[in-house]
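*Asks:* Per the UniProt record's numbering, the sequence shown starts with residue 1, numbered consecutively.
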Amino acid sequence: METETEDDNRQRASGRAAFKNSVWFTRAWTLQELLAPKTVLFFSKTYTLLGTRENFDNLVHEATSIPVYFLGMNLEGVFDASVAERMRWASRREASREEDLSYSILGLFGVNIPLLYGEGGKAFLRLQEEIVKTSWDETLFAWNGRSDDCMQHMLAGGLIASHPRHFEGATILGLKFPIPRQHYEITNRGVRMSIPLSRGQFDRVLAEGMPRRRGLTFSRHRGRGIPQGVLYAS
């Protein structure tokens with residue numbers, strides 16, 4: 001009896017590992033397939049029904065790092081997640097064409113851009129520009145990846161990420177801020193926004209809620225008695 005139980009446990013553990021290691025959880029275009037439908041069914045390679053997304057929510061979370069809270073909410077509920085959170089879900093996805101990493105997640109942000117195959121990484125910059133036009137969420141600038149190219153881009157002073165994997169280590173996650181902010185925009189000088197400022201150690205001025213980056217400059221003014229900063233970042 002004990003041998004049968006041990007065998008059952010091994011088979012169950014093997015099945016769980018096989019499920020989590022499926023390439024379906026790493027492909028770019030399957031992220032929306034996982035989140036958008038109201039009902040998602042999982043089948044084995046022999047077309048045997050395994051269960052629903054809700055049946056496997058913990059395993060799906062382990063495979064994708066998407067919080068169980070957002071699984072099964074379809075895109076309406078997913079929009080409650082911050083931009084950085086949604087970008088993090090896409091950060092480890094793979095595609096044969098680099099531009100598909102961006103095209104495959106347009107629905108996650110409710111935006112549209114022309115599909116220009118052959119543009120490569122420029123597609124991700126265009127995606128972020130479109131998000132800036134439609135969103136108040138400043139976590140778009142809170143990327144924090146672990147790859148070497150991300151560190152180089154960060155040290156160079158960039159405020160806009162150059163690849164989805166730069167969001168892999170993003171820490172400003174969860175629900176987006178309910179408090180409306182003033183709009184921001186991409187100009188010929190970089191990104192322009194008005195945000196609250198606070199004074200840190202050694203008399204440094206800090207932009208509240210913004211990541212620390214080189215190459216950020218501020219012009220200060222007061223609005224209703226509250227110090228504000230107009231930020232230009234290239």
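For every residue, glycine included, the Cβ atom is placed at its ideal position computed from N, Cα and C.
Since the structure is predicted, the reported quantities are computational estimates derived from the model, not experimental observations.
1) Quick check: what's the CA-CA separation for Gln11 versus Thr39?
2) Measure the C-alpha to C-alpha separation of Asp137 and Arg86 and round it to an integer number of angstroms.
3) With distance defined between alpha-carbon atoms, name the residue in Pro37, Phe56, Phe19 nearest to residue 245.
4) Rounded to whole angstroms, what is the Cα-Cα separation between Thr30 and Glu6?
5) Going along the chain, which residues of its own chain have a beta-carbon closer than 6 Å to the beta-carbon of Leu115, five neighbours each way excluded?
6) Closest by CA to Ala123, which one among Ile131, Glu98, Arg53, Gly110?
7) Which two residues bound the contiguous beta strand (DSSP E) that contains Thr52?
8) Let me check understanding here. Comparing Cα to Cα, which of Gly120, Gly118, Ala161 lies closest to Thr139?
9) If you reduce the DSSP assignment to three classes, tell me which class Phe42 lands in.
10) Consult DSSP for Glu6 and reduce its assignment to one of helix, strand or coil.
11) Going by alpha carbons, who is nearest to Gly51 out of Leu75, Asp100, Val78, Phe42?
*Replies:* Concretely, from the data shown:
1) Residue mapping note: residue 11 aligns to position 11 of the sequence shown, counting from 1. Residue mapping note: residue 39 aligns to position 39 of the sequence shown, counting from 1. The straight-line gap from Cα to Cα measures roughly 27 Å.
2) Position 137 of the sequence shown, counted from the first residue, corresponds to residue 137. Position 86 of the sequence shown, counted from the first residue, corresponds to residue 86. Distance between the alpha carbons of Asp137 and Arg86 is about 12 Å.
3) The chain is shown from 1 up to 234; residue 245 falls before or after that span and cannot be answered.
4) The sequence position of residue 30 within the sequence shown is 30, counting from 1. The sequence position of residue 6 within the sequence shown is 6, counting from 1. Looking at the two C-alpha atoms, the distance is approximately 35 Å.
5) Within the sequence shown, numbered from 1, the residue matching residue 115 stands at position 115. Taken in chain order, the residues that qualify are Tyr103.
6) Residue numbering aside, residue 123 sits at position 123 when the sequence shown is read from its first letter. Cα-wise, what sits closest to Ala123 is Glu98.
7) For the purposes of this step, residue 52 is taken as residue 52 along the sequence shown, with counting starting at 1. Note, Thr52: beta strand (DSSP E), 49 to 52.
8) Indexing the sequence shown from 1 puts residue 139 at position 139. Per the Cα distances, Ala161.
9) By one-based count along the sequence shown, residue 42 stands at place 42. Strand, per DSSP.
10) Within the sequence shown, the letter at position 6 stands for residue 6. In the structure shown, Glu6 sits in a helix (DSSP, three-state: H, G or I).
11) Position 51 of the sequence shown, counted from the start, is the residue given in the question as residue 51. That would be Phe42, whose Cα lies nearest to the Cα of Gly51.
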